[in-house]
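One structure below.
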Amino acid sequence: MENSLQQQADTTVEKSRKQRIEMPEMAVLLFFATIFDIFSLIPIVNDVIVLVGQGLMALFFLLMGVSVFSGPKRCAAYLITIIVEAIPAISMFPTFILETIIIIAITRTEDKSGVNISSVVYGKFPIPRV
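Position one of the sequence shown corresponds to residue 49 (our numbering), numbered consecutively onward.
What follows is the structure, encoded as structure tokens:
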């Protein structure tokens, strides 16, 4: 009896847990990341795309309830993309797409498991906070 109640409770919790980034949102994010990567191939436009594109991507993620600065891995992906896109010779790599895929994967993993990855990282490897 107890076991069946536990299974029902687990099923209810599983159904009520919602992904912050669903498939339609994922498609929109990847579409914009692709557009930003294509425009970043143009030398002078690249400088504007780094600022505007990163700002818009951060805003899109924030509208979905995901802050790009909420965890060390998301923040690293975001900052590395800004640095790589600012360097003309290597800005041709699809870093906007890679950043988007990394942030989506981290977020969906957190939503599916119910564990906040940044709290696990901070728990195992304490980072001094100032």
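Note that CB positions come from ideal geometry on N, CA and C, so glycine has one too. Remember, predicted model here, so these are calculated numbers, not experimental data.
Which residues in the same chain have their Cβ closer than 6 Å to the Cβ of residue i, if we skip the five residues on either side of it in sequence?
i	result
Lys160	none
Ala182	Past the boundaries of the shown model lies residue 182; the chain is included only from 49 to 178, so the question cannot be answered.
Pro72	none
Val93	Phe87
Phe109	Val116
Is the separation between the beta-carbon of residue i and that of residue j shorter than 7 Å?
i	j	result
Gly101	Phe84	yes
Arg122	Ile149	no
Thr157	Thr143	no
Ile69	Met105	no
Val98	Ala134	yes
Looking only at C-alpha atoms, which of the options sits nearest to residue i?
i	options	result
Asp95	Met140, Ile151, Phe80	Met140
Ala188	Ile145, Gly162, Glu158, Ile135	Nothing can be reported for residue 188, as the shown portion of the chain is limited to 49 through 178.
Leu77	Ile135, Val114, Pro120, Ile90	Val114
Tell me which same chain residues have a C-beta within less than 7 Å of the C-beta of residue i, skipping the five on either side of it?
i	result
Ala125	Glu147, Ile150, Ile151
Pro91	Pro136
Gln67	Arg156, Asp159
So does residue i have its beta carbon nearer than 6 Å to some heavy atom of the ligand FAD?
i	result
Phe141	Of the ligands one can find in the structure shown there are none, so the ligand FAD has no counterpart to examine.
Go through its chain and collect everything with a Cβ distance to residue i's Cβ below 8 Å, but skip five positions before and after it.
i	result
Val178	Here Val178 scores only 49 on pLDDT, less than 50, and its place in the model is too uncertain to base an answer on.
| task | Would you list, in sequence order, the uninterrupted alpha helix (DSSP H) runs of no fewer than 4 residues that lie entirely inside the segment 86-154? | result | 91-111, 120-134
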